[in-house]
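Notes to accompany the following structure.
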Amino acid sequence: MFYHSPQTGTNSGAIKLALRKGYSLSSEVCIAVGELRDLDGSISEVLGERAIKFLKKDRKAQYFGKTIKLLTPKADPGPIFGPLIAAFVPLPILEAWATQYPKLHIIYLPPDDASLAAYQAQYQSMSI
């Protein structure tokens, strides 16, 4: 199933909503970003510096006792059992991950309005 945030851009409120939705579906989520530096800013504000440090180093961290894994185009976290939160990634990267992980729920945090419109048209996603 495909979901999206109605808010675009790097928004901490959207990240919180996505985590809430992700953890309602599973006890594990995977945050997918285009580059490691994308973890800085609003994602870091929500998860905290300690979790970001572990994500960058070990590709996984704990958030309120629940597992978060990290996926980037260059780093695969191994088996993913929970939903994929694609945070502010370009649509072509998201499309590749949707093909690679066809059974996962995907929660898209779009970087801009054009990406949101294209995602909604392609996947008939539901708003979180």
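For the sequence shown, the working numbering gives the first residue as 79, with consecutive numbering after it. Ideal Cβ positions, reconstructed from N, Cα and C, are used throughout, including at glycine.
Linking residue 113 to residue 190 through their CA atoms gives a straight-line distance of about 17 Å. In the three-state DSSP reduction, residue 106 falls in the strand class (E or B). Inclusion of residue 134 and residue 108 in the CB contact set at 8 Å is not warranted, their separation being larger than that value. The Cβ neighbour count for residue 205, taken over all protein chains shown within 10 Å, is under 16; the residue is labelled exposed. The beta-carbon separation of residue 85 and residue 96, rounded to 10 Å, does not stay under the 8 Å limit for a contact. Here residue 140 is bridged, per DSSP, to 145. A check of alpha carbon separations from residue 192 across 180, 169, 201 and 184 identifies 169 as the nearest. Counting other Cβ atoms within 10 Å of its Cβ, residue 153 stays below 16 and is therefore classed as exposed. Taking each of 125, 188 and 197 in turn and checking the Cα distance to residue 87, the smallest one comes out for 188.
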